[in-house]
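Residue numbers for the sequence shown follow this note's numbering, so the first one is 1303 and each next one is one higher.
For every residue, glycine included, the Cβ atom is placed at its ideal position computed from N, Cα and C.
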Amino acid sequence: MASATVSEVENTTVPIYVMGKKYEVPDTLTIMKAMEYSGYQYIRGCGCRGGVCGACATVYRKAGDYKIYTGLACQTVVEPEMYLTQLPFYPASRADYDFEEIEATPDSIFKLYPELFRCVACNACSKVCPMDVEVLDYVSALKRGDIEAAAEISFDCIQCGLCASRCMGEMAQYHIAQLARRLYGGKLAPKAEHLQKMCDDIDGGAFDDDLANLKTLAEDELKKIYSEREMEPAMSGEGWKPESSAGLV
Ligand code: SF4
Ligand code: SF4
Ligand code: FES
């Protein structure tokens, strides 16, 4: 069988429905690009375009399928006959608190977010999460008062709001998890001893001579030093060490 030419591949389009209106779009596009291809202009509902900001939550169905599907418009490739709409914003209550004043205890969370206990364990939140966060698991951890577990389980949350849109308990799960992460990171997690040591070394003047020397260099020399510096490779693993320890205390 003859394989498709590049122009044939580029010309393959599929029908999609954006808020009920039909468009023919290239089948390789993400939902976000397909909407722009169809003439929509993003003023809201688009941020990073890289799957991390949570601004582009999208809900869709497929022809002949009863299921509700969700995804990030910047990451999800179009499918033929998908009916979609983007949720530029889903209302969600966030409690007011002074982080410096608040105690890192389960009671603090329970007082700020009593709706936590309205969870009926339906798990609709986990099913809808585009980041595959086990939302019910972090909600259950919160109810048990396990702030550390809630912080860890919710770590990949990008605050898209889709879980809140499906919640039988009408809570904004992700705001509660964010509080747990703040409390854990800011008040419960053990302090990094090596970081404290580095701060102390800086305060003690360990780098004063090096900094003074850098200040004497011309811009080109600084650029050269910067571009030639030894960097940790992206896939280095745990045991990586720099070849030179010059500049380390
Ligand atoms: S936990 Fe909720 S807000 Fe966070 S990414 Fe998942 S669906 Fe979005
Ligand atoms: S959607 Fe709401 S009620 Fe259902 S499991 Fe998740 S938090 Fe609980
Ligand atoms: S635009 Fe940021 S996650 Fe899609």
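Could you check whether the Cβ of A1243 sits closer than 6 Å to any heavy atom belonging to ligand 2? Coverage of the chain is limited to positions 1303 through 1551, which leaves residue 1243 absent and any answer about it impossible.
Taking its Cβ as the centre, do 16 or more other Cβ atoms sit within 10 Å of I1504, making it buried, or is it exposed? One-based indexing of the sequence shown puts residue 1504 at position 202. Counting Cβ neighbours within 10 Å, I1504 comes out exposed, since fewer than 16 surround it.
Given a cut-off of 7 Å, decide if Q1388 and G1347 are closer than it, judged by their beta-carbon atoms. To locate residue 1347, count along the sequence shown from 1; it is residue 45. To locate residue 1388, count along the sequence shown from 1; it is residue 86. Yes, the pair counts as a contact, with Cβ atoms nearer than the cut-off.
Using a Cβ-Cβ cutoff of less than 7 Å, which residues in the same chain neighbour M1470 once the five nearest sequence positions on both sides are dropped? Along the sequence shown, read from residue 1 onward, the residue named residue 1470 stands at position 168. The beta carbon of M1470 sits closer than 7 Å to the beta carbons of V1422, C1424, A1426 from its chain, once the five residues preceding and following it are set aside; these are given in chain order.
Taking 7 Å as the limit between beta carbons, can you name the residues of its chain near C1465, skipping five residues before and five after? As a position in the sequence shown, residue 1465 is number 163, starting the count at 1. Within the same chain, C1465 has close Cβ partners C1427, V1430, C1431, V1437, Q1475, Y1476.
7 Å Cβ cutoff met for Y1385 and Y1362: By one-based count along the sequence shown, residue 1385 stands at place 83. By one-based count along the sequence shown, residue 1362 stands at place 60. Yes, these two residues count as a Cβ contact at 7 Å.
Using CA coordinates, which residue listed in G1352, Y1486, A1536 is at the minimum distance from E1405? As a position in the sequence shown, residue 1405 is number 103, starting the count at 1. With distances taken between Cα atoms, E1405 lies closest to Y1486.
What does a CB cutoff of less than 8 Å around D1458 pick up in its chain, not counting 5 residues either side in sequence? The residue labelled residue 1458 in the question sits at position 156 within the sequence shown. The residues M1433, D1434, V1435, in chain order, have a CB closer than 8 Å to that of D1458 in the same chain once the five nearest residues on each side in sequence are set aside.
Just the C-alpha distance for E1326 and P1393, rounded to the nearest angstrom, thanks. In the sequence shown, residue 1326 corresponds to position 24, counting from 1. In the sequence shown, residue 1393 corresponds to position 91, counting from 1. Roughly 32 Å separates the two Cα atoms.
Does Q1343 come out as helix, strand or coil in the three-state DSSP assignment? In the sequence shown, the residue the question calls residue 1343 occupies position 41. If DSSP states are grouped into helix, strand and coil, Q1343 belongs with coil.
Shorter than 6 Å, the distance from the beta carbon of Q1461 to the closest heavy atom of ligand 2, or not? The residue labelled residue 1461 in the question sits at position 159 within the sequence shown. Set against 6 Å, the gap from the CB of Q1461 to the closest heavy atom of ligand 2 is not smaller.
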